[in-house]
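Going down the list, the sequences are from chains A and B. Mapping to my numbering: the first sequence position 404 is 404, numbers consecutive. Mapping to my numbering: the second sequence position 127 is 127, numbers consecutive. First comes the structure, then the notes that go with it.
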Amino acid sequence: MEALLSRFRNLTVLVVAVVAQLLYLAYQVKTNGDERLIRVWAVTAVTPLAGIVEAIRHNTIGFLEDYFILLDVREQNRKLKAANDRLQMENIYFRNQLATAEHARALVQFQSQTPSRTIAARVIGNSTVASAKAVFIDRGSTSGVENGMAVVTPEGIVGKVVAVYPLVAQVLLVTDATFKVGVESQKGHVHGVLDCGSGKCVVEQVQNEDRVDPGEWFYTSGEDRIFPKGFPVGKVISSQPGQGMRDLKLTLSASPGAAEEVLVVVQGVHQAIPTKPPPTEEEVDVHQLPPPPKETGRDAAADAKPQTEADKVLAKYDSIGKEQGHVFGGLGSGIPNFNVKKPASPAEKPDGAAGAGKPAAAPTAPVKPVTNGAPAILGARPGSNPQALPTPKPAVNEPVLPLGAPRRKTPPSTATSTAPQP
Amino acid sequence: MNETSDQILAPATRDGWFHRFQVVALAALTLVAIIGKFYLPRLVPHTEWLELPLLLTIYFGLMRHSPIASLFFGAFVGLAEDSLSPANIPIGMYGITKTLVGYFAASVSQRFNVDNSVIRAVLCFFFFFFHAFFYWLMRRALLGQVIPFDPQEVFVHGALNSVVAVPLFMILDRLRLAGGA
């Protein structure tokens, strides 16, 4: 036996090492216990270094990238002055600052809007298992993070906390093969289970009879006891009847693997499924005023008054044409006398603009006819019938001409001379 | 046997640098490899395929020529990696896999001249595929976790790791010469 062992010494050691690890593995599976001490040691040894590297990267790499970008710009624009380079550098720097600030603002805004209590965290590292899809965040038990808490972003769900250490926590992403999320559709409130393990996200356990259309949104249903109800999950990209269950594929609204800042839901509050899908980025960026109130009756008529001098002249000629039965553009309707003056209406303002769009009002007092036989209106024929003319407007109510327009002084005696007899 | 086959099959000269190589340096390299895997994907996107701990295990096995030392080193690296894995994966999965990789790498190094870059690249590719397949098999068989296994993707990642391994091993050779002279 001893000779056998010494002959196969290497193999024996290998078998012993593998069997020992298998037994240890079996012990963990059997007791369902997490070897916390070993993990704490490993995480404590690695995460501070990763945190330092992340801090350095966050503070310097962005600046260096900007610098290299500026080098290219400088190469392409060698003839530009140094001041221009400095301004561009500042511009890029401030733009980055603004982008960072806007992202942080969005996070804070979401944090303030959601009824759930959340704390912000930054992703500082990945898991060592490439297929496991897990990340480390810089918040741990000292910040109140506990095992099983949901992790989200304003765009959607990210994952759940699977291990908590004093200063960091490990988050299993929803894209992990072992992660399932209870979801609910927006319109038909169809319940299902989200599974992103195969690389593409599918919603399982949806009956063929349930109607789910492409483009419909899914939200967390809260049934998994991880995510509070009402957080956006993603949009359906294809929905086809399958064998027994409906074949539903959807795209996640958030990017769990690419998230840099996340929110840990410390105290979740279930919300109703929104009736409208979450706004897109374009919709969020464009600021729109509410539609104006509908115009009704008198207000609408009051608002229809002319705005410019040309409008006033047009309204005046239109009114004169109507009074004289002239059809503009019509054949055989004659030429109206545009020189006739209209009386001021009671509602007309002193500047003559208020009543321009309204029908001419009847004169309140009879006006004496012309007695000297001279033409009352400049350019009118002496033999024209004054009865056919409308009531002239008093000279005092003549529309005010714009500044600089040629003015003609009208004799007071002729101002009201062509007024017809009532 | 011709000259080429002699070169390939002849065991490499066993310099004693590993004897002089400090444990601290090995631990530091392991830490760097694990931090690289832990953090590199965040620094450089789409580098999840890079298995620095595995490459370090293979290199140690190929250069050490001792199966026992190599399997223990593989177990150490694997268990360290397991400690940073998600809590739903028990410790030992990578440990067992890398134990086997270390053992087989050292066994192979006793038969071949592993100073040849082509042989190194081929071995890295083979061990990467073995590592990925065995890990997938263990998660499926021992833990009952159904995770996808894409052979095409593993082939591509194995080839990429082989490409990275050749210059990386050269750098480690330089370090070995500098430290063991």
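Just so you know, even glycine gets a beta-carbon here, dropped at the ideal spot from N, CA and C.
Neighbourhood of residue i by C-beta distance below 7 Å, restricted to the same chain and skipping five residues each side
{"i": "Thr-60/A", "result": "none"}
{"i": "Gly-437/A", "result": "The question about residue 437/A has no answer here: the residues shown for chain A are numbered 1 through 422."}
{"i": "Gly-140/A", "result": "Val-164, Tyr-165, Pro-166, Leu-167, Val-168, Ala-169"}
{"i": "His-270/A", "result": "Gly-222, Pro-228, Lys-229, Gly-230"}
{"i": "Ser-83/B", "result": "Ile-91"}
{"i": "Pro-67/B", "result": "Tyr-103, Ala-106, Ser-107"}
{"i": "Gly-215/A", "result": "Lys-235, Val-236"}
{"i": "Leu-172/B", "result": "Tyr-59"}
{"i": "Leu-107/A", "result": "Ala-120, Pro-154, Glu-261, Leu-263"}
{"i": "Ile-320/A", "result": "Pro-336, Phe-338, Val-340"}
Proximity of residue i and residue j at Cβ, strictly below 9 Å
{"i": "Asn-126/A", "j": "Pro-41/B", "result": "yes"}
{"i": "Gly-92/B", "j": "Gln-170/A", "result": "no"}
{"i": "Asp-195/A", "j": "Leu-167/A", "result": "no"}
{"i": "Phe-72/B", "j": "Leu-26/B", "result": "no"}
{"i": "Leu-100/B", "j": "Val-77/B", "result": "no"}
{"i": "Gln-56/A", "j": "Val-266/A", "result": "The question names Gln, but residue 56/A is Ile in the sequence shown. In this structure, Val-266/A does not lie closer than 9 Å to Ile-56/A by Cβ."}
{"i": "Met-63/B", "j": "Arg-174/B", "result": "no"}
{"i": "Ala-132/B", "j": "Ser-162/B", "result": "no"}
{"i": "Leu-87/A", "j": "Lys-133/A", "result": "no"}
{"i": "Phe-38/B", "j": "Val-46/A", "result": "yes"}
{"i": "Leu-31/B", "j": "Leu-49/A", "result": "yes"}
{"i": "Gly-268/A", "j": "Ser-112/A", "result": "no"}
{"i": "Thr-275/A", "j": "Gln-205/A", "result": "no"}
{"i": "Val-190/A", "j": "Leu-250/A", "result": "no"}
{"i": "Val-183/A", "j": "Gly-159/A", "result": "no"}
{"i": "Asn-339/A", "j": "Gln-324/A", "result": "no"}
{"i": "Val-123/A", "j": "Ser-85/B", "result": "no"}
Three-way DSSP call (helix, strand, coil) for residue i in this model
{"i": "Ala-55/A", "result": "helix"}
{"i": "Pro-232/A", "result": "strand"}
{"i": "Val-152/A", "result": "strand"}
{"i": "Leu-168/B", "result": "helix"}
{"i": "Val-123/A", "result": "strand"}
{"i": "Glu-209/A", "result": "coil"}
{"i": "Val-171/A", "result": "strand"}
{"i": "Ala-12/B", "result": "Note that Ala-12/B scores 47 on pLDDT, short of 50, meaning its location in the model is unreliable; the coordinates nonetheless yield the value given after this. Of the three classes helix, strand and coil, the one that applies to Ala-12/B here is coil, per DSSP."}
{"i": "Val-108/A", "result": "helix"}
{"i": "Ile-157/A", "result": "strand"}
{"i": "Gln-324/A", "result": "coil"}
{"i": "Ile-89/B", "result": "coil"}
{"i": "Trp-424/A", "result": "Nothing can be reported for residue 424/A: it is not among the residues displayed for chain A, which extend from 1 to 422."}
{"i": "Ser-255/A", "result": "coil"}
{"i": "Ile-58/B", "result": "helix"}
{"i": "Gln-110/B", "result": "coil"}
{"i": "Ala-130/A", "result": "coil"}
{"i": "Trp-136/B", "result": "helix"}
{"i": "Leu-50/B", "result": "coil"}
{"i": "Ser-66/B", "result": "coil"}
For residue i: DSSP bridge partner residues
{"i": "Tyr-180/A", "result": "A small fix is needed here, since residue 180/A is Lys in this sequence, not Tyr. Paired residue(s): Asp-195/A."}
{"i": "Gln-267/A", "result": "Arg-117/A"}
{"i": "Asp-247/A", "result": "Gln-240/A"}
{"i": "Cys-201/A", "result": "Leu-250/A"}
{"i": "Tyr-219/A", "result": "Glu-184/A, Pro-232/A"}
{"i": "Val-164/A", "result": "Ala-169/A"}
{"i": "Glu-261/A", "result": "Arg-122/A"}
{"i": "Phe-136/A", "result": "Gly-125/A, Gln-170/A"}
Same chain only: Cβ atoms within 8 Å of residue i, ignoring 5 sequence neighbours per side
{"i": "Gly-244/A", "result": "Asn-208"}
{"i": "Gly-156/A", "result": "Phe-231, Pro-232, Val-233, Gly-234, Leu-252, Ser-253, Ala-254"}
{"i": "Gly-383/A", "result": "Here Gly-383/A scores only 43 on pLDDT, less than 50, and its place in the model should not be relied on; the value that follows carries that caveat. If we look at Gly-383/A and ignore the five residues flanking it on each side, it has no Cβ neighbours."}
{"i": "Leu-79/B", "result": "Ile-91, Gly-92, Tyr-94, Gly-95"}
{"i": "Arg-7/A", "result": "none"}
Residues of its chain near residue i, where Cβ-Cβ distance is below 6 Å and the 5 sequence neighbours each way are ignored
{"i": "Gln-240/A", "result": "Asp-247"}
{"i": "Val-396/A", "result": "Because Val-396/A carries a pLDDT of 45, less than 50, the predicted location of this residue cannot be relied on, and the following value inherits that uncertainty. So no residue of the chain qualifies."}
{"i": "Phe-134/B", "result": "Thr-97"}
Partner residues on chain D for residue i, Cβ-Cβ distance less than 8 Å
{"i": "Thr-99/B", "result": "Chain labels in this structure do not include chain D; the protein chains are A and B."}
Residue i CB to nearest heavy atom of the ligand HEM below 8 Å
{"i": "Leu-100/B", "result": "The ligand HEM is not part of this structure, which contains no ligands at all."}
Under 8 Å: do the segment 169-182 of chain A and the segment 142-156 of chain B share three or more Cβ pairs, one atom per stretch?
yes
Would the segment 136-147 of chain A and the segment 225-236 of chain A be scored as touching if the rule is three or more Cβ pairs under 8 Å?
no
Assess contact between the segment 50-69 of chain A and the segment 99-107 of chain B, defined as three or more Cβ pairs (one per stretch) separated by less than 8 Å. Is contact present?
no
Is there contact between the segment 158-170 of chain B and the segment 41-55 of chain B, where contact requires at least three CB pairs shorter than 8 Å?
yes
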